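Colleague: Chains as they are written, first to last, in the working numbering: chain X, 1 to 246; chain B, 247 to 492.
Even for Gly, the Cβ is constructed at its ideal location relative to N, Cα and C.
Just so you know, these numbers come straight off a predicted model, no measurement behind them.
Protein chains: 2
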Amino acid sequence: MAKSVTARALDLLGVFDSEHRSLTLSELARRTGTPLGTAHRLVGELVRWGALAREPDGGYVIGRRIWQLGLLAPVQSELRTAASPFLHDLYGATLATVHLAVRDGLEVLYIDRLAGHVSVPVVSKIGSRLPLHATGVGKVLLAYAPDDVRANALQNLTRVTAYTVTQPARLLEQLRRVRAEGYATTGEEMSLGACSVAVPVRNGDAVVAALGMVVPDLRRQLPRLVSALQVAAQGIGRTLASVQWK
Amino acid sequence: MAKSVTARALDLLGVFDSEHRSLTLSELARRTGTPLGTAHRLVGELVRWGALAREPDGGYVIGRRIWQLGLLAPVQSELRTAASPFLHDLYGATLATVHLAVRDGLEVLYIDRLAGHVSVPVVSKIGSRLPLHATGVGKVLLAYAPDDVRANALQNLTRVTAYTVTQPARLLEQLRRVRAEGYATTGEEMSLGACSVAVPVRNGDAVVAALGMVVPDLRRQLPRLVSALQVAAQGIGRTLASVQWK
DNA sequence: GATACCTTTCCGTTCAACGGAAGCCCGGTG
DNA sequence: CACCGGGCTTCCGTTGAACGGAAAGGTATC
């Protein structure tokens with residue numbers, strides 16, 4: 001299956017994640033199913049180029065060059081920089097945990113986050129992925145996703161908490177309302193004690209991201225939060241559109 | 247020279263930089279000296295894995311997966327997160343542009359930056375590299391670098407402005423003073439109208455980074471800035487040491 | 001000093017990668 | 001409309017780089 005050299009080399013990088021930031025050569029070989037001899041050579045090349053680095057303790061970690069490259073990715077260089085000041089405003093105005101996310105395949109990918117000093121159990125981390133159907137930002141992204149994506153996502157509504165929506169019909173109805181009303185909400189569907197609201201961020205007509213916040217309870221303040229979110233999302237969209245043509 | 251497939255694939259990624267965030271297939275082929283047929287195949291694999299992505303306009307850009315990986319790099323995940331609150335404090339206290347940087351080979355690599363709304367001409371960007379001998383953070387990193395690095399760096403003191411120190415003997419003397427006094431300064435050596443101060447950030451005994459600021463003029467406030475920097479650097483070091491063993 | 005685990009080096013075989021060339025798809029131009 | 005130049009994609013026969021098993025070298029553990 002994974003035959004090509006390139007694919008193998010990339011897979012060696014791919015086994016790193018936030019729980020495994022440092023791996024030994026043999027761990028890498030095991031996790032990728034690469035024979036040791038081969039892994040040794042490939043890792044050597046990756047280190048030479050700067051994609052991996054060797055720690056004093058002998059473990060391998062992701063190298064600085066990858067980090068530098070990552071800064072050039074559009075999510076980072078355009079979306080994130082455009083959104084950053086608005087996230088701060090939003091956080092300042094509400095003191096809730098604020099999220100910026102995009103859809104990547106059938107998952108939500110968190111681009112940025114501003115967390116208040118604890119308060120609500122929040123699962124997301126910058127760069128992490130969560131299912132589309134159990135988060136506020138996820139529902140927004142799903143609501144505006146192409147039909148085939150939505151169809152695929154509905155196939156597989158895994159249960160996370162007792163409140164997670166797992167019936168396709170019910171979720172579809174919710175998504176319809178998201179499009180009608182312009183915002184999505186969740187109530188403890190991803191983690192108990194956490195509710196969320198989210199709105200789309202548009203560049204022109206296209207929905208390119210979602211902006212959301214997590215709070216312990218929605219009832220009283222929903223209108224206020226929605227309008228704060230919409231103002232910020234508007235600002236981000238405007239910034240994106242203006243940066244586009246320089 | 248660059249024969250191995252892996253090296254070629256990596257080189258394809260390596261030609262992206264902040265001036266060239268989006269490249270077409272044939273640009274990639276030209277810039278790496280790869281025949282088109284080969285480039286096509288390799289780029290295809292990179293896209294399949296998520297290292298590159300194709301924009302609607304047909305150009306290739308760095309993919310989200312690389313960005314995600316970059317977040318796992320130690321510079322980002324340890325240094326940057328440990329330092330972030332202290333950078334904010336420092337910025338709040340002084341309103342000067344604040345920098346965190348490490349040495350990478352014979353260059354300064356900027357890890358984080360907090361810029362005031364214009365004021366002084368600042369060259370650095372997050373993820374960018376500059377020569378070691380012409381910046382405050384660079385001098386600090388050079389002062390505490392291993393002997394062979396320092397020797398190599400002194401070979402090649404390129405002139406940037408009229409004030410850049412280009413005589414090895416003079417720079418060596420400055421570095422001696424940096425070690426003795428615990429901070430480095432520059433006066434318009436990198437860019438006219440900008441002076442800088444910097445101090446080392448230590449993790450235990452080892453100097454792992456440098457913390458600096460850029461201001462229009464140093465004379466009057468030097469002692470105040472140095473002590474603010476030292477307090478912050480101390481804090482960062484403490485945080486690093488405590489995170490180390492979890 | 002034996003054990004267990006990791007890393008590094010070596011080398012003959014083989015099959016994946018190579019890249020030249022030919023065809024495709026556009027958009028611009030005479 | 002026909003032509004042209006550009007970038008993109010596909011194809012295929014040859015070849016040498018990549019493969020991976022095996023064995024030797026390290027280093028902590030019992």
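Shorter than 8 Å from the beta carbon of B:Arg267 to some beta carbon of chain X?
Modeller: Stepping through the second sequence from its first residue, residue 267 of chain B is reached at position 21. Yes, B:Arg267 lies at the interface with chain X (some Cβ there is under 8 Å from its Cβ).
Colleague: For X:Leu192, is the classification buried or exposed, using 16 other Cβ atoms within 10 angstroms of its Cβ as the cut-off for buried?
Modeller: On the first sequence, residue 192 of chain X is found 192 positions in, with the first residue counted as 1. Classification of X:Leu192: exposed, given that the 10 Å Cβ count is below 16.
Colleague: Assign B:Arg349 to one of three DSSP states: helix, strand, or coil.
Modeller: Here residue 349 of chain B is taken as the residue at index 103 of the second sequence, counted from 1. Residue state, collapsed to three classes: strand.
Colleague: Sort B:Leu341, B:Arg375, B:Ala455, B:Gly450 by Cα distance to B:Arg470 and report the nearest one.
Modeller: Here residue 470 of chain B refers to the residue found at position 224 when the second sequence is read from its first residue. Residue B:Leu341 is the option with its Cα nearest to B:Arg470.
Colleague: Label X:Glu189 either buried or exposed according to how many other C-beta atoms from any shown protein chain fall within 10 Å of its C-beta, with 16 as the threshold for buried.
Modeller: The residue labelled residue 189 of chain X in the question sits at position 189 within the first sequence. Classification of X:Glu189: buried, given that the 10 Å Cβ count is 16 or more.
Colleague: May I ask you to verify whether the segment 325-332 of chain B touches the segment 278-291 of chain B, counting CB pairs closer than 8 Å and requiring at least 3?
Modeller: Too few Cβ pairs lie closer than 8 Å, so no.
Colleague: Threshold first: 4 residues or longer. Then list the alpha helix (DSSP H) segments lying entirely within the segment 303-361 of chain B, N to C.
Modeller: The qualifying runs are 310-316, 327-340.
Colleague: Please confirm if the segment 417-430 of chain B is in contact with the segment 481-490 of chain B, defined as three or more CB-CB distances below 8 Å between the two stretches.
Modeller: No: the two stretches stay apart, fewer than three of their Cβ pairs being nearer than 8 Å.
Colleague: Spatial neighbours of B:Val251 within its chain, please: C-beta separation below 8 Å, excluding the five flanking residues on both sides.
Modeller: What you label residue 251 of chain B is simply residue 5 of the second sequence in a count that begins at 1. Counting only Cβ-Cβ distances below 8 Å, and skipping sequence neighbours, we find Leu288.
Colleague: Indicate whether at least one CB of chain X lies closer than 8 Å to the CB of B:Glu291.
Modeller: The residue labelled residue 291 of chain B in the question sits at position 45 within the second sequence. Output row for B:Glu291: interface = yes.
Colleague: Could you tell me which of X:Asp17, X:Val215, X:Gln174 sits nearest to X:Pro121, measuring between CA atoms?
Modeller: By one-based count along the first sequence, residue 121 of chain X stands at place 121. Measuring from the Cα of X:Pro121, the nearest candidate turns out to be X:Val215.
Colleague: Using a Cβ-Cβ distance cut-off of 8 Å, determine whether X:Gln155 contacts chain B.
Modeller: Working through the first sequence from its first residue, we reach residue 155 of chain X at position 155. Chain B contact via Cβ: absent.
Colleague: For X:Ala228, tell me which candidate among X:Thr32, X:Ser128, X:Phe86, X:Val160 has the shortest Cα-Cα distance.
Modeller: As a first step, residue 228 of chain X is located in the first sequence; it is residue number 228 there, counting from the start. Comparing Cα positions, the closest option is X:Phe86.
Colleague: Residues of the segment 182-204 of chain X in Cβ contact with chain B at a cutoff of 7 Å, in chain order, please.
Modeller: Cβ contacts with chain B: none found.
Colleague: How about B:Trp491: is its C-beta nearer than 8 Å to some C-beta of chain X?
Modeller: By one-based count along the second sequence, residue 491 of chain B stands at place 245. Confidence at B:Trp491 is low in this model, with a pLDDT of 48, below 50, so the placement of that residue should be treated as unreliable; the coordinate-derived value is given next. It does not: the Cβ of B:Trp491 has no partner Cβ on chain X nearer than 8 Å.
Colleague: Put B:His266 into one of helix, strand or coil per three-state DSSP.
Modeller: As a first step, residue 266 of chain B must be located in the second sequence, where it is residue number 20. Three-state DSSP puts B:His266 in a strand.
Colleague: Which of the three DSSP states is assigned to B:Gly296 in this structure?
Modeller: Numbered from its first residue, the second sequence carries residue 296 of chain B at position 50. In the structure shown, B:Gly296 sits in coil (DSSP, three-state: anything other than H, G, I, E or B).
Colleague: Any contact of the segment 301-318 of chain B with the segment 275-287 of chain B, i.e. 3+ C-beta pairs under 8 Å?
Modeller: Verdict: no, contact absent.
Colleague: Just curious, the beta strand (DSSP E) that X:Val5 is in, first and last residue?
Modeller: As a working mapping, residue 5 of chain X is identified with position 5 in the first sequence. Premise fails: X:Val5 lies in the alpha helix (DSSP H), 5-14, not in any beta strand (DSSP E).
Colleague: Is the distance from the Cβ of B:Lys371 to the Cβ of B:Tyr356 below 8 Å?
Modeller: For the purposes of this step, residue 371 of chain B is identified with residue 125 of the second sequence, where counting begins at 1. For the purposes of this step, residue 356 of chain B is identified with residue 110 of the second sequence, where counting begins at 1. Yes.
Colleague: Tell me where the alpha helix (DSSP H) around X:Ala29 begins and ends.
Modeller: Indexing the first sequence from 1 puts residue 29 of chain X at position 29. 25-32 is the span of the alpha helix (DSSP H), which, as asked, contains X:Ala29.
Colleague: Would you mind listing the alpha helix (DSSP H) stretches within the segment 124-184 of chain X that are 4+ residues and don't spill past its ends, in chain order?
Modeller: Fully enclosed alpha helix (DSSP H) runs of 4 or longer: 136-143, 147-154, 168-181.
Colleague: Expressed to the nearest angstrom, what Euclidean distance is found between the alpha-carbon atoms of B:Arg465 and B:Ala297?
Modeller: Residue 465 of chain B sits at position 219 when you count from the first residue of the second sequence. Residue 297 of chain B sits at position 51 when you count from the first residue of the second sequence. Cα to Cα, the separation comes out at about 48 Å.
Colleague: Please list, in chain order, the chain B residues whose beta carbon lies closer than 8 Å to that of X:Leu242.
Modeller: As a working note, residue 242 of chain X is residue 242 in the first sequence. Checking the displayed sequence, the identity of residue 242 of chain X turns out to be Ser instead of Leu. None at all; the shortest Cβ gap to chain B is about 17 Å.
Colleague: Below 7 Å between beta carbons is the criterion; list the residues of the segment 309-321 of chain B that meet it against any residue of chain X, in chain order.
Modeller: Per Cβ criterion, the list reads Gly309, Arg310, Ile312, Trp313, Gln314, Leu315, Gly316, Leu317, Leu318, Ala319, Pro320, Val321.
Colleague: Between X:Leu109 and chain B, is the shortest Cβ-Cβ distance under 8 Å, so that the two count as touching?
Modeller: By 1-based counting over the first sequence, the position of residue 109 of chain X is 109. Output row for X:Leu109: interface = yes.
Colleague: For B:Val369, which residues from the same chain have a beta carbon less than 7 Å from its beta carbon, with the 5 sequence-adjacent residues on both sides left out?
Modeller: The count along the second sequence starts at 1 and reaches residue 369 of chain B at position 123. For B:Val369, where only same-chain residues beyond five positions count, the Cβ hits under 7 Å are Leu376, Met436, Ser437.
Colleague: Return the CA-CA distance between X:Asn152 and B:Asp350, expressed in angstroms with no decimal places.
Modeller: Here residue 152 of chain X refers to the residue found at position 152 when the first sequence is read from its first residue. Here residue 350 of chain B refers to the residue found at position 104 when the second sequence is read from its first residue. Their backbone Cα atoms lie some 45 Å apart in a straight line.
Colleague: Between B:Lys492 and B:Ala452, what straight-line distance do the alpha-carbon atoms span, to the nearest angstrom?
Modeller: In the second sequence, counting from the first residue as 1, residue 492 of chain B sits at position 246. In the second sequence, counting from the first residue as 1, residue 452 of chain B sits at position 206. Bear in mind that the predicted position of B:Lys492 carries a pLDDT of just 40, short of 50, making it too unreliable to give a figure here.
Colleague: I'd like to know whether the C-beta of X:Thr6 is nearer than 8 Å to at least one C-beta of chain B.
Modeller: Here residue 6 of chain X refers to the residue found at position 6 of the first sequence. Yes, X:Thr6 lies at the interface with chain B (some Cβ there is under 8 Å from its Cβ).
Colleague: In the DSSP assignment, what residue or residues form a beta bridge with X:Arg202?
Modeller: In the first sequence, residue 202 of chain X corresponds to position 202, counting from 1. Partner(s): X:Val207.
Colleague: Applying a beta-carbon distance threshold of less than 8 Å, which residues of chain B neighbour X:Ala51?
Modeller: Sequence index remark: in the first sequence, residue 51 of chain X carries index 51 (1-based). The answer, in chain order, is Leu256.
Colleague: By Cβ distance below 6 Å, which residues in the same chain neighbour B:His334 in space, the five residues on each side in sequence not counted?
Modeller: Along the second sequence, read from residue 1 onward, the residue named residue 334 of chain B stands at position 88. None.
Colleague: Determine the contact status of B:Val344 and B:Ala444, defining contact as a CB-CB distance below 8 Å.
Modeller: Looking up residue 344 of chain B in the second sequence gives position 98. Looking up residue 444 of chain B in the second sequence gives position 198. Contact: no.
Colleague: Between X:Met213, X:Val208, X:Val226, X:Val231, which lies nearest to X:Leu250 when the distance is taken from Cα to Cα?
Modeller: Outside the displayed range of chain X (1 to 246) lies residue 250 of chain X, so it cannot be described from this structure.
Colleague: Kindly list, in the order they appear in chain X, the residues whose Cβ is closer than 7 Å to that of B:Gly382.
Modeller: Walking along the second sequence from the start, residue 382 of chain B turns up at place 136. Simply none; closest approach about 21 Å.
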